[in-house]
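Residue numbers (UniProt numbering): 1 to 158.
Given below as structure tokens:
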């Protein structure tokens, strides 16, 4: 399995927020992305960009209903958005979250193999390496929202 271990300082995301049953995520999460994409011009100036003008990260940020960044159980919260500088203010109709610093196991995948990679990391890689999930899994669409993404599995809150 192709994974990396990395530490990421706390970071902020502005996006469209929703919540619902974890088992129904495919019904309530995609509309958040459609809404965020349709109104991206409202937050484009807040996004972090690299030296070549590319967005540094589109995030599917997740947390528990209590907003403690614990893993989803029966319900979860999701923020479809873009990484911004700390302190950036969300415009009306948008939400800002600050994801705490964690050490992550990062696994690349495509939308097509998302579920199989997700379960392989938790069911095979974690037990084989002595890891325990320490928070909600995060999604990073670094290629600007295409088919590829990286799943960030927190293994230690910093």
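Positions of the beta carbon are idealized from the N, C-alpha and C atoms, including for glycine.
With a Cβ-Cβ cutoff of 9 Å, do residue i and residue j count as a contact?
| i | j | result |
| --- | --- | --- |
| residue 121 | residue 105 | yes |
| residue 92 | residue 47 | no |
| residue 13 | residue 59 | yes |
| residue 115 | residue 70 | no |
| residue 15 | residue 140 | no |
| residue 134 | residue 102 | yes |
| residue 110 | residue 63 | no |
| residue 117 | residue 79 | no |
Nearest to residue i by CA position, among the options, is which residue?
| i | options | result |
| --- | --- | --- |
| residue 11 | 21, 39, 28 and 57 | 57 |
| residue 2 | 125, 154, 99 and 130 | 125 |
| residue 84 | 98, 8 and 27 | 98 |
| residue 17 | 119, 8, 9 and 33 | 33 |
Have a look at residue i and residue j and give me their C-alpha separation to the nearest angstrom.
| i | j | result |
| --- | --- | --- |
| residue 50 | residue 156 | 27 Å |
| residue 108 | residue 89 | 30 Å |
| residue 66 | residue 55 | 29 Å |
| residue 138 | residue 52 | 25 Å |
| residue 19 | residue 4 | 29 Å |
| residue 75 | residue 21 | 4 Å |
| residue 154 | residue 129 | 14 Å |
Considering only DSSP beta bridges, list what residue i is partnered with.
| i | result |
| --- | --- |
| residue 62 | 78 |
For the UniProt domain "AraC effector-binding" (1-156), list the beta strand (DSSP E) runs that are entirely contained and at least 3 residues long, ordered along the chain. Fully enclosed beta strand (DSSP E) runs of no fewer than 3 residues occupy 4-8, 11-21, 58-63, 75-84, 95-99, 102-110 and 138-141 of the UniProt domain "AraC effector-binding" (1-156), in order along the chain.
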